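Read through the structure below, which is laid out as structure tokens, and then see the notes.
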Ligand SMILES: [Ca+2]
């Protein structure tokens, strides 16, 4: 994938948004008005809105990095809004993501968060594609978590033995915050675009099996709003000990 659809939207307090215009073009890629990338979008030109929105198409060149452009909405009285900025993660469009975080909402009564193993599937390969032997081994892999009960339940134990018979798990203490997370950093240059998430339940799965969780992806390592949400599960059913479940990602 080298292009991505971006939905511009706006709202008007006393009328409707009728048009959009782009006021500053991106610098690392180009904008088009059609998915086929045939018609270049023209700066400072009104494009008619549909249901107060306009879909434009960003085509990335073979580069990595962060790009942005700005646009204004126009209302039915002909007034323009202030500039709104759209940020584009070019690395994600071209290569995928480097950081993945399993963001877990704690279910009342659960005796801590735990997972035996987690893999991301891209092009038929499970990632990480090698088993971890420590929190940052082998390089450049780095595993981390919101909490680790102690070293023998470290975050890397959810990436240490694949989905096979080994029973080693990441575990928080029994008293956990309302949200916990488990994260893997594949390292710069090792970005992937996964299509599936595989999770292997730990022992005691009837109590520790994950119920409400999301898979987040980032290239900055920050998860404060700029990340992508690849999976959002609520009310997942029962898990058996060491059961492996596969989830399709968007
Ligand atoms: Ca494990």
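In the numbering used here, the protein residues as written are 1433 to 1682.
Virtual Cβ for every residue (Gly too), placed ideally from N, Cα, C.
Given the structure is predicted, the values throughout are model-derived calculations rather than measurements.
- Query: Looking at the structure shown, is residue 1585 part of a helix, part of a strand, or coil, going by DSSP?
  - Reply: Translated into positions along the chain shown, residue 1585 becomes position 153. It is helical.
- Message: Quick check on residue 1522: does DSSP put it in helix, strand or coil?
- Response: Locating residue 1522 in the chain shown gives position 90, counting from the first residue. Correct three-state label for residue 1522: helix.
- Going by beta carbon distance, what residues of the same chain come within less than 7 angstroms of residue 1459, once the five residues before and after it are set aside? Start at 1 with the first residue of the chain shown, and residue 1459 comes out as number 27. If the five residues before and after residue 1459 are omitted, its C-beta is found closer than 7 angstroms to the C-beta atoms of 1499, all from its own chain and listed in chain order.
- As assigned by DSSP and simplified to three states, the class of residue 1576: To locate residue 1576, count along the chain shown from 1; it is residue 144. If DSSP states are grouped into helix, strand and coil, residue 1576 belongs with the strands.
- Message: Is residue 1589 a contact residue of ligand 3, with contact defined as CB to any heavy atom under 6 angstroms?
- Response: Inclusion of ligand 3 in the displayed structure is not the case, the ligand content consisting of ligand 1 alone.
- Cα-Cα separation, residue 1637 to residue 1555: As a first step, residue 1637 is located in the chain shown; it is residue number 205 there, counting from the start. As a first step, residue 1555 is located in the chain shown; it is residue number 123 there, counting from the start. Looking at the two C-alpha atoms, the distance is approximately 29 angstroms.
- What separation, rounded to the nearest whole angstrom, lies between the Cα atoms of residue 1669 and residue 1643? Taking the chain shown and counting its residues from 1, one reaches residue 1669 at position 237. Taking the chain shown and counting its residues from 1, one reaches residue 1643 at position 211. Note on geometry: alpha-carbon atoms of residue 1669 and residue 1643 lie some 7 angstroms from one another.
- Sufficient close CB pairs (3 or more, under 8 angstroms) joining the segment 1501 to 1517 to the segment 1606 to 1625: With the cut-off at 8 angstroms, the segment 1501 to 1517 and the segment 1606 to 1625 do not touch.
- Kindly indicate the opening and closing residues of the alpha helix (DSSP H) around residue 1640. For this step, residue 1640 is matched to residue 208 along the chain shown. It spans 1637 to 1640 - the alpha helix (DSSP H) in which residue 1640 sits, taken as one unbroken run.
- Item | Own chain residues within Cβ distance below 8 angstroms of residue 1658, not counting five before or after | Sequence index remark: in the chain shown, residue 1658 carries index 226 (1-based). Answer for residue 1658: 1519, 1521, 1650, 1652, listed in chain order.
- Query: Are residue 1625 and residue 1528 close, meaning C-beta to C-beta below 7 angstroms?
  - Reply: By 1-based counting over the chain shown, the position of residue 1625 is 193. By 1-based counting over the chain shown, the position of residue 1528 is 96. In terms of Cβ geometry, residue 1625 and residue 1528 form a close pair [threshold 7 angstroms].
- Message: Assuming residue 1486 and residue 1514 are in contact, meaning their beta carbons sit under 8 angstroms apart, how far apart are those beta carbons, in whole angstroms?
- Response: Stepping through the chain shown from its first residue, residue 1486 is reached at position 54. Stepping through the chain shown from its first residue, residue 1514 is reached at position 82. Not confirmed; about 17 angstroms, so no contact.
- Cβ shell of residue 1481 (< 7 angstroms), same chain only, five flanking positions each side left out: Position 49 of the chain shown holds residue 1481. Contacts found: 1449, 1450, 1451, 1452.
- What beta strand (DSSP E) runs, 3 residues minimum, are completely inside the segment 1626 to 1674? Taking 3 residues as the shortest admissible run, the segment 1626 to 1674 contains the following complete beta strand (DSSP E) segments, listed from N- to C-terminal end: 1628 to 1632, 1644 to 1650, 1660 to 1665.
- Message: Considering only their Cβ atoms, is the gap separating residue 1604 from residue 1593 smaller than 7 angstroms?
- Response: As a position in the chain shown, residue 1593 is number 161, starting the count at 1. As a position in the chain shown, residue 1604 is number 172, starting the count at 1. In this structure, residue 1604 does not lie closer than 7 angstroms to residue 1593 by Cβ.
- Task: Verify whether the separation of the beta carbon atoms of residue 1551 and residue 1677 is less than 7 angstroms.
- Result: To locate residue 1551, count along the chain shown from 1; it is residue 119. To locate residue 1677, count along the chain shown from 1; it is residue 245. With contacts defined by Cβ atoms closer than 7 angstroms, residue 1551 and residue 1677 do not form a contacting pair.
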